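In full-length UniProt numbering, the protein residues as written are 1 to 696. Ideal Cβ positions, reconstructed from N, Cα and C, are used throughout, including at glycine. Model, not experiment: these values are computed from the prediction.
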């Protein structure tokens with residue numbers, strides 16, 4: 001019997017969007033979620049199905065352009081090396097990026113699903129309907145999708161404040177990379193990107209996160225509505241065609257002109273300085289004289305920048321500021337130096353904060369009197385409280401302010417309960433842990449942080465009625481995790497007893513895990529760190545039997561928290577055995593182990609010994625070489641470690657693949673770490689000691 005099948009015409013499609021994961025045949029429906037049969041029956045696809053429609057509707061309105069396809073299929077794959085891939089009409093995902101089980105998955109898991117779906121759906125227009133001409137402008141696809149993914153997720157979950165969280169998740173994170181002399185511009189010449197490994201290296205945080213940051217900055221200074229109008233005409237003119245970045249600048253300029261917005265230069269002239277040269281500026285503001293200067297910010301000011309810039313590493317900078325009791329003001333800095341009249345004489349109790357809500361992609365330094373005033377932190381916007389901490393710590397690493405000034409920004413934390421300042425402080429103090437957790441500074445540092453976090457631990461104990469309730473606010477749920485994680489890792493006995501007790505209850509009744517989904521990651525890690533082989537083997541068995549990908553991920557990380565070297569070595573061996581650990585998870589497993597101070601030298605020795613095997617067996621995309629090198633070398637801070645890294649580079653010349661740039665960045669970062677430790681160890685030790693004595 002012969003049956004006729006009717007096939008709809010496929011619209012013009014870029015070759016990189018053709019899925020090679022296999023064919024799927026099904027009855028047509030407008031929006032569908034596909035996964036393992038068991039996952040669908042358990043309702044793990046319901047959240048994605050619920051949010052896909054609203055996010056698509058948001059983008060149709062944002063772009064003022066109809067969804068260009070007749071269907072939207074999204075499929076979760078158990079084995080998938082990427083996070084997701086925007087194949088047109090059939091988007092493929094790793095399971096953790098599409099599936100969500102409210103009974104098991106955490107608040108963070110839910111946010112991840114929402115933002116990844118939003119990112120991939122954004123590509124249906126920006127990247128698919130209109131595609132860049134060549135890989136050198138990959139940032140235009142990925143940076144844009146990263147930026148608007150927060151807008152789409154914010155629409156789908158309006159109580160989450162996703163427009164604020166982009167600052168933590170993308171902007172602050174990528175500044176650490178872009179402050180290296182080995183960074184790279186967002187856009188390069190087509191002739192400079194010809195080899196597969198050169199293309200692979202572009203899939204990095206600069207492309208995604210810095211791309212998002214500069215587009216967010218542009219949207220802010222021309223306004224979001226004008227930005228959206230420019231996108232509409234851009235998409236209309238170039239649908240089913242290829243473009244270069246200047247095409248976007250042209251259409252945004254048209255929208256700016258139509259709106260009557262006055263800029264000091266054209267969109268193209270302003271933005272080319274942000275995409276055609278690497279790095280970003282630091283502004284130095286003297287509130288007493290009004291003088292403002294800019295310079296290229298480098299974490300290691302002694303490093304050699306051998307990448308020339310036609311703009312001489314100067315930027316056109318949209319400056320915003322507020323002063324105590326005032327309203328937001330704006331100014332453009334178009335030269336290396338400028339002056340602003342701040343309309344007041346600053347007294348000791350007055351302050352000025354620049355780069356409001358971190359709308360601009362730059363750091364800010366102040367005169368000493370203003371820094372002293374900022375330590376009060378009263379009435380300063382939450383995002384800027386986080387910014388002050390992050391700027392101070394990074395300026396200290398760049399030798400522009402003292403390290404003790406940076407540490408002073410943490411003194412108010414015993415009165416702070418908001419997530420963004422705490423998360424920023426935790427990330428920056430983590431650098432101190434990385435540099436000092438194997439030496440004499442560790443004890444006093446741990447005692448100081450324990451003193452600062454104890455009030456936060458108590459705050460959440462009260463807020464959750466002795467840990468029986470879930471905080472209502474999205475960011476409070478995150479900060480509760482910070483409170484428990486920091487309290488346990490710095491030795492708050494009540495916290496350790498709490499987490500080990502919860503884990504013990506689960507071990508006694510494996511079929512009934514009553515640990516809050518939001519707290520699982522930190523509880524698992526704390527309990528395994530405090531336990532031994534019994535706890536580790538239990539967690540391993542739970543990992544192997546996990547049917548929900550997000551739960552497996554939490555356990556995979558927790559297994560790296562043990563303090564037993566032999567268990568960590570066994571886990572390393574498992575990481576390259578596909579029967580034990582999926583290939584897609586090999587990188588994460590090794591990096592997790594390297595994040596443990598006991599596991600770091602084990603992981604470094606492991607990848608050096610196994611590099612030939614790793615390169616030949618995991619080089620097809622299952623393992624991110626760049627992320628691997630970053631992860632295992634992040635603690636390097638001695639001349640011995642630097643020489644080992646150089647020897648690794650020499651021994652594996654021609655066999656580094658997509659790790660080439662990351663290795664250069666690791667070498668540069670190690671030198672910066674060495675210099676920083678030499679300069680700061682004694683004063684850091686003294687500062688923590690003095691603070692502990694003052695409060696005792």
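Item: Using only alpha-carbon positions, find the residue among 293, 390, 247 and 287 that is nearest to residue 271.; Value: 247
Item: I need the straight-line Cα distance from residue 782 to residue 34, nearest angstrom please.; Value: The structure shown does not extend to residue 782, since the chain is modelled only from 1 to 696, so the question has no answer here.
Item: Tell me which residues share the same chain as residue 39 and place their Cβ nearer than 6 angstroms to its Cβ, disregarding the 5 neighbours each side in the sequence.; Value: 99
Item: If I follow the unbroken alpha helix (DSSP H) through residue 587, where does it start and stop?; Value: 586 to 594
Item: Given a threshold of 16 other Cβ atoms within 10 Å of its Cβ, counted over all protein chains shown, does residue 140 qualify as buried or as exposed?; Value: buried
Item: For the alpha helix (DSSP H) containing residue 677, name the first residue and the last one.; Value: 660 to 695
Item: For residue 403, which of helix, strand or coil comes out of DSSP?; Value: helix
Item: CB-CB under 6 angstroms to residue 24, same chain, minus the five flanking residues each way: which ones, in chain order?; Value: Residue placement at residue 24 cannot be trusted, given a pLDDT of 33 that sits under 50; the coordinates are not used to answer.
Item: Whose CA, out of 161, 418, 324 and 437, lies closest to the CA of residue 635?; Value: 437
Item: Give me the Cα-Cα distance between residue 72 and residue 58, rounded to the nearest whole angstrom.; Value: 15 angstroms
Item: Residue 68 by DSSP, collapsed to three states: which one?; Value: coil
Item: Residues in the same chain with beta-carbon distance under 8 angstroms from residue 367, minus the five sequence neighbours each way, listed in chain order, please.; Value: 285, 286, 287 and 288
Item: Tell me the rounded alpha-carbon separation between residue 257 and residue 107.; Value: 43 angstroms
Item: Do the segment 327 to 337 and the segment 179 to 198 meet, that is, are 3 or more Cβ pairs less than 8 angstroms apart?; Value: no
Item: Under 7 angstroms Cβ to Cβ from residue 149, same chain only, skipping five residues before and after it: list those, please.; Value: 115, 118, 119 and 122
Item: Counting only the same chain and skipping the five closest in sequence on each side, list residues whose C-beta sits under 8 angstroms from that of residue 484.; Value: 457, 460, 495, 498, 499, 519, 522, 523 and 526
Item: Would you mind listing the beta strand (DSSP E) stretches within the segment 197 to 223 that are 3+ residues and don't spill past its ends, in chain order?; Value: none
Item: Can you name the residues that DSSP bridges to residue 330?; Value: 320
Item: If you follow the beta strand (DSSP E) that residue 94 is in, where does it begin and where does it stop?; Value: 90 to 94
Item: Along the alpha helix (DSSP H) that carries residue 387, what are the first and last residues, could you check?; Value: 382 to 397
Item: Does DSSP put residue 636 in a helix, a strand or coil?; Value: coil
Item: Might you give, ordered along the chain, the residues of its own chain that have their beta carbon closer than 7 angstroms to the beta carbon of residue 362, omitting 5 neighbours on each side?; Value: 280, 281, 282, 283, 317 and 355
Item: The beta strand (DSSP E) with residue 31 in it runs from where to where?; Value: 31 to 34
Item: What three-state label does DSSP hand residue 281 in the structure shown?; Value: strand
Item: For residue 659, which residues of its own chain have a beta-carbon under 8 angstroms away from its beta-carbon, when the five flanking residues on both sides are left out?; Value: 625, 626, 628 and 629
Item: Go to residue 487, then tell me how far its beta strand (DSSP E) extends in each direction, as first and last residue.; Value: Per DSSP, residue 487 belongs to no beta strand (DSSP E); it is in the alpha helix (DSSP H), 474 to 489.
Item: Does the count of Cβ pairs from the segment 289 to 301 and the segment 661 to 677 closer than 8 angstroms reach three?; Value: yes
Item: Here's the rule: buried if 16 or more other CB atoms are within 10 angstroms of the residue's CB, otherwise exposed. What is residue 432?; Value: buried
Item: If you measure between the beta carbons of residue 706 and residue 147, is that distance less than 8 angstroms?; Value: Past the boundaries of the shown model lies residue 706; the chain is included only from 1 to 696, so the question cannot be answered.
Item: Rank 53, 324 and 611 by C-alpha distance to the C-alpha of residue 152 and give the top, closest one.; Value: 53
Item: Which residue's Cα is closest to the Cα of residue 386: 421, 278 and 410?; Value: 421
Item: Cβ atoms of residue 603 and residue 614: under 8 angstroms apart, would you say?; Value: no
Item: Measure from the alpha carbon of residue 90 to the alpha carbon of each residue in 175, 605, 76 and 307, then state which is nearest.; Value: 76
Item: Under 7 angstroms Cβ to Cβ from residue 398, same chain only, skipping five residues before and after it: list those, please.; Value: 297, 298, 299 and 301
Item: Pull up the distance between the alpha-carbon of residue 536 and that of residue 542, whole angstroms please.; Value: 10 angstroms
Item: May I ask which residues mark the beginning and end of the beta strand (DSSP E) holding residue 352?; Value: 352 to 354
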